[in-house]
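A short worksheet on the structure shown next.
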Amino acid sequence: MEAAFERITPNWLQRAFVYTGSVGTGFRVFRYRLAQDGEAKTVHAATYSNLCYDKAEDVEKRDFAWDDDGVAELRAWLQENYEAYLARQRA
878 MEAAFERITP NWLQRAFVYT GSVGTGFRVF RYRLAQDGEA KTVHAATYSN LCYDKAEDVE
938 KRDFAWDDDG VAELRAWLQE NYEAYLARQR A
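So the mapping is simple: the working numbering equals the position in the sequence shown, first residue as 1, plus 877.
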């Protein structure tokens, strides 16, 4: 699993209301955005590439429970989307 995804835990998510991260360099960058919803105990996740979140045309979104099981699913989803992104870049 990508190291950037491995460090995500329920406690780690408390570092910012909205967290953006990326993996890659130059024009081949996989980006992700994690936003807290404290009332619903949910993390709103999105993946996209190369542009800012507001302008990206390839945004994929999914919500996850803000607990150990939900965050494990979140990490797996990020890894899956990252691998799909890499496959598209190679094609």
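Here a beta-carbon is modelled for each residue, glycine too, at the ideal position from N, C-alpha and C.
Against chain B, does residue i count as a neighbour if the rule is that its beta carbon must be under 8 Å from one of theirs?
{"i": "arginine 905", "result": "Judged by its chain identifiers, the structure shown contains no chain B, having just a single protein chain."}
Does the distance from the C-beta atom of residue i to that of residue j stay below 8 Å?
{"i": "valine 900", "j": "glutamate 934", "result": "no"}
{"i": "threonine 886", "j": "valine 948", "result": "yes"}
{"i": "leucine 951", "j": "phenylalanine 941", "result": "yes"}
{"i": "valine 936", "j": "alanine 912", "result": "no"}
{"i": "tyrosine 925", "j": "arginine 939", "result": "no"}
Could you pull the start and end residues of the alpha helix (DSSP H) that residue i belongs to?
{"i": "phenylalanine 882", "result": "880–883"}
Spatial neighbours of residue i within its chain, please: C-beta separation below 6 Å, excluding the five flanking residues on both sides.
{"i": "arginine 910", "result": "Thr897, Ala923, Tyr930"}
Leaving out five residues before and five after residue i in sequence, what residues of the same chain have Cβ atoms less than 8 Å from its Cβ?
{"i": "aspartate 944", "result": "Pro887, Lys918"}
{"i": "phenylalanine 904", "result": "Asn927"}
{"i": "tyrosine 962", "result": "Phe907, Thr924, Ser926"}
Specify, as a first and last residue, the run of the beta strand (DSSP E) that residue i falls within.
{"i": "glutamate 937", "result": "937–942"}
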